[in-house]
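Residues in the sequence shown are numbered consecutively from 18, following this note's numbering. The beta-carbon is built from N, C-alpha and C at its ideal position, and this holds for glycine as well. Below: one structure, written as structure tokens.
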Amino acid sequence: MIRDEFAVNTPSKTRAWIGAIVVHVVLIGALVFSLRWKQETPPVVMVDLVTPTSITPPGPTLTPAPPLPPPPPPPSQPSPPPAVKPTPSQLPPQLQRGDIEKKKEEEKKKKELDAQEKKQLEAERQAKEQQQRKDAEKKQVEARAKSLADAKAKATKEQQEQKQRDERATRERELAEKAAREADERKAQQIAAQQAAERSAREAAQRARAKAEGDWVGKIRGKIRGNIVLATEPAGNPEAVFEVNLLPTGEVLDARLLRSSGNPAYDQAVERAILKSSPFPKPDQADVFQRRLTLRFRPVE
């Protein structure tokens, strides 16, 4: 009798549990969709949960029976099936319309947001490109300005260096010209001084020679005048000019009358005196000696 009761009650409990699980799944799905769409409140489904109980009919008093073997373990209950999301066709019409409208609105907003985002991205891209162009143009302008400034600075530096080179070359040329002029002046002064010294020496030598020659000729004329013998003094004071040729020893070779005094007696007296005065006295300086002399005589000197 006890075995029959267990055989009858076990399937009933299983069906009750399955029914309860299905009801809970339906409620949870309805609640989720109501929270998601929020279009209109779906109708509330009231479900009375009834837990089946085992009814044991009264029976006669049983006598104790021998102990039975332990009952077999209860069968494992199957895991609840996954929650099935109802399709739009399974939803109420009001939920279907609200969902469609909400989906359209969301798609519209999404498109607007996508378009706005795309527009904003395009604007940002254009602004970035414009800024990049401005930066590139600015860099080009700065590079050109720097290049021009560098070229100008280089040209200015080259001009300054060239100016300095020109000034240095001018100073060097002026110094060289000045040194050359000074050297020429010193050389000219030296030449002039040398020429003056030479001229002075020549003049001094000439004066000394003339003096020595005059002294020598004076000695000769004095000796000749001492040997002139006249019977009578000639009238006036005529001049007789003789050319006398001498030997290196001072001896007279001959005496030749170059210009007569006009008084033959005086001329002859002078010629005899010249020959008588041989040899002539020697000069004090050997270089003064001349082998041909021109001598002039007057009666009164």
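Inter-residue spacing [alpha-carbon to alpha-carbon] between residue i and residue j
i, j, result
"Ala248", "Leu274", "20 Å"
"Ala162", "Glu175", "19 Å"
"Glu189", "Ala210", "30 Å"
"Leu310", "Asn254", "22 Å"
"Phe131", "Glu123", "Residue identity check: residue 131 is Asp in the sequence provided, not Phe. Between Asp131 and Glu123, the C-alpha separation is close to 12 Å."
"Asp167", "Arg185", "26 Å"
"Leu292", "Gly279", "21 Å"
"Leu79", "Thr31", "No answer about Leu79 holds up, because its pLDDT of 49 lies below 50 and its placement is not dependable."
"Ile45", "Glu134", "37 Å"
"Ala197", "Leu165", "46 Å"
"Ala140", "Ile35", "60 Å"
"Val42", "Lys125", "33 Å"
"Ala214", "Gln302", "22 Å"
"Arg216", "Gln206", "15 Å"
"Arg313", "Gln223", "22 Å"
Cβ-Cβ distance between residue i and residue j below 8 Å
i, j, result
"Val269", "Val261", "yes"
"Arg315", "Glu256", "yes"
"Pro300", "Ala225", "no"
"Pro298", "Ile245", "no"
Per DSSP, cross-strand counterpart(s) of residue i
i, result
"Val269", "Leu263"
"Arg313", "Val258"
"Leu274", "Phe259"
So, does the stretch 278-290 touch the stretch 237-253, judging by three or more C-beta pairs under 8 Å? yes
Within the chosen definition, does the stretch 301-311 reach the stretch 220-235 through at least 3 CB pairs nearer than 8 Å? yes
What ranges does the alpha helix (DSSP H) occupy inside the stretch 129-159, keeping only unbroken runs of at least 4 residues that lie completely in it? none
Enumerated in chain order, which unbroken segments of the alpha helix (DSSP H) with a length of 4 residues or greater are wholly contained in the stretch 166-244? none
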